[in-house]
Each structure stands twice: as C-alpha cells, then as structure tokens.
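J.: Residue numbers (the working numbering): 20 to 248.
#1: Could you give the DSSP three-state label for residue 247: helix, strand or coil?
#2: So within the segment 92–147, which uninterrupted alpha helix (DSSP H) runs reach at least 4 residues, ignoring any that extend past its ends?
#3: Considering residue 50, what are the terminal residues of the beta strand (DSSP E) in which it resides?
#4: What is the C-beta distance between residue 146 and residue 164, in whole angstroms, given that I count them as a contact (C-beta under 8 Å)?
#5: Would you report the Cα separation of residue 207 and residue 173, rounded to the nearest angstrom?
#6: Could you name the residues that DSSP lists as bridge partners for residue 25?
#7: Give the secondary structure of residue 1 by DSSP, where H, G and I count as helix, E and B as strand, and everything else as coil.
#8: Report yes or no: do the segment 218–231 and the segment 129–143 share at least 3 C-beta pairs separated by less than 8 Å?
#9: Under three-state DSSP, which class holds residue 42?
#10: Output yes if chain E places a C-beta closer than 7 Å to the C-beta of residue 90; else output no.
#11: Leaving out five residues on either side along the sequence, give the residues of the same chain with a beta carbon under 7 Å from the beta carbon of residue 144.
#12: Which same chain residues, not among the five before or five after residue 176, have their C-beta less than 8 Å away from its C-beta?
#13: Would you call the segment 177–190 in contact with the segment 52–66, where contact means no fewer than 3 C-beta pairs closer than 8 Å?
#14: What separation, rounded to the nearest whole angstrom, lies between the Cα atoms of residue 187 and residue 198?
#15: Per DSSP, what kind of secondary structure is residue 189 in: helix, strand or coil?
#16: Strictly by DSSP, which residues pair up with residue 164?
#17: Compare the Cα-Cα distances from residue 33 to each of 74, 235 and 64 and report the closest residue.
#18: Taking the C-alpha atoms as reference points, what is the distance between residue 99 and residue 29?
#19: Helix, strand or coil for residue 217? Go by DSSP, reduced to three states.
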C-alpha cells in the first residue's frame with residue numbers, strides 16, 4: 020500500500036522468504052531452510068503494518084520488483100515480534116539460462132503506448148502477458164516484456180530448476196510463445212527441464228542452456244510464535 024503493507028493468510032516461512040531470500044517468489048525453490056519449526060509452515064497470519072510518516076516518500080518511490088524496503092521492514096518486524104535470529108549460508112544451484120543464439124536475437128522492440136490485449140497479467144520484472152487459446156493450443160503474448168520477465172514466466176513451468184536471464188538484452192520487447200502440442204513432445208519425464216520444452220524460444224533467436232546460479236540456505240538460530248496484538 021502507499022503507506023504500508025497488508026497481507027493475509029501468510030505463513031512465517033513466506034514472510035521470512037520475503038525478508039531474506041532477496042529473490043522473487045518464483046525462485047524460492049532455490050532457497051533452503053534449516054531448523055524451521057513445522058508450525059512456521061502450517062500456521063497463517065495477517066500483517067497490517069504502517070510506515071513511519073518520515074519514510075512514506077521513500078516507500079512510495081521504491082521499486083516493487085525487488086522488495087528491498089519491504090524486506091528490510093519485515094526483517095525488523097520478525098526480529099521484534101518473533102525474536103527471529105538466523106544466518107545465511109551461500110551456495111550454488113542448477114538453473115537454466117536464457118542466452119542469445121548463434122544467429123542473434125530476433126525480437127521486436129516494444130512500441131511505447133501501443134494497445135495491448137486484455138485481460139493481461141502484469142509480469143514481475145516489467146511488461147504484460149496475455150494468454151489465449153487457438154485450436155486447443157495455448158499462446159502467451161508478451162508486450163513490453165524484459166528478458167528477466169521472460170525468465171520468470173518460464174520458471175513458472177520449471178520451479179525445480181528455475182530459469183535466469185543471461186542474454187545481456189536490456190530492452191523491452193513484444194513477442195509470443197506457442198505451447199507445443201503433446202504430439203510434438205518427446206518422452207522426457209525424467210528430465211527436470213522437460214516442462215520447458217513445451218515452450219520453445221528458438222524462433223526468438225534465443226536458447227536455453229543448463230547453468231549454475233546462486234542459492235542460499237537460511238539457518239534458523241531462534242524463532243518464536245509472534246506475540247498477540
């Protein structure tokens with residue numbers, strides 16, 4: 020909200036992820052936790068917090084895609100209300116990376132102010148996505164989307180092995196992805212990246228490669244149920 024943060028039905032694990040993971044929710048599968056009590060995943064809470072008046076202008080100006088101010092505020096709240104203490108162990112995990120193909124990217128730069136189809140889903144790192152169906156085949160149309168948003172959209176289909184952007188492309192683009200029919204797919208059920216094969220990106224001059232990226236383990240040193248209001 021313009022003057023604070025409100026949420027309902029969140030577990031303490033989710034609040035800890037917002038506070039400490041430093042990644043968008045679709046990448047939380049790469050963040051491990053240790054010593055987290057079971058109730059932190061099964062008990063649900065409501066948060067209704069306000070920002071101090073002297074901080075409202077900064078709060079309103081924040082970039083909501085990276086949660087920096089929200090993370091800092093939640094860290095303070097968790098320390099105060101839940102006596103949370105933890106330390107972070109950095110590590111590596113396997114990802115898929117989007118890279119530019121040998122023939123170069125084939126992307127159309129977005130035209131500012133162009134009309135978009137509705138309804139559309141707002142993408143986490145800029146742009147919109149519209150989902151339609153043609154002859155039973157799903158088509159995802161992206162407008163003014165960043166490559167980081169494309170990586171996030173593909174990650175929704177491969178949460179066990181997320182996708183990261185390593186194209187080096189910084190613009191916003193209009194493009195479409197068409198889902199392959201089941202008849203076009205080979206049997207790759209044992210491949211963690213098989214779900215990504217349903218959304219080919221070669222026609223965009225892009226490719227996927229198996230890669231490594233950062234991960235972390237949050238080690239809970241102490242946590243208590245929050246005091247009642």
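Each residue gets a CB set at the ideal place from its N, CA and C atoms; glycine is no exception.
T.: In short:
#1: In the structure shown, residue 247 falls within a coil segment according to DSSP collapsed to helix, strand and coil.
#2: Runs of alpha helix (DSSP H) with 4 or more residues, each lying fully within the segment 92–147, are absent.
#3: Start and end: 50–53.
#4: Cβ-Cβ separation between residue 146 and residue 164: approximately 3 Å, consistent with a contact (criterion under 8 Å).
#5: Note that residue 207 scores 46 on pLDDT, short of 50, meaning its location in the model is unreliable and no value can be drawn from it.
#6: In DSSP, residue 25 forms a bridge with 67.
#7: Because the chain in this structure spans residues 20 to 248, residue 1 falls outside the shown range and cannot be described.
#8: The segment 218–231 makes no contact with the segment 129–143, as fewer than three CB pairs between them are under 8 Å.
#9: In the structure shown, residue 42 sits in coil (DSSP, three-state: anything other than H, G, I, E or B).
#10: No chain E is present in this structure, which holds just one protein chain.
#11: Once the five neighbours on either side are set aside, the close Cβ partners of residue 144 are 84, 165, 167, 168 and 171.
#12: The residues 214, 215, 217 and 218, in chain order, have a CB closer than 8 Å to that of residue 176 in the same chain once the five nearest residues on each side in sequence are set aside.
#13: In the pairwise beta carbon analysis, the segment 177–190 is classified as not touching the segment 52–66: fewer than three pairs are separated by under 8 Å.
#14: So the alpha carbons of these two residues sit roughly 25 Å apart.
#15: Of the three classes helix, strand and coil, the one that applies to residue 189 here is coil, per DSSP.
#16: Beta-bridge analysis with DSSP links residue 164 to 192.
#17: Among 74, 235 and 64, the Cα nearest to that of residue 33 is on 64.
#18: The C-alpha of residue 29 is placed about 18 Å away from the C-alpha of residue 99.
#19: DSSP places residue 217 in helix when its eight states are reduced to three.
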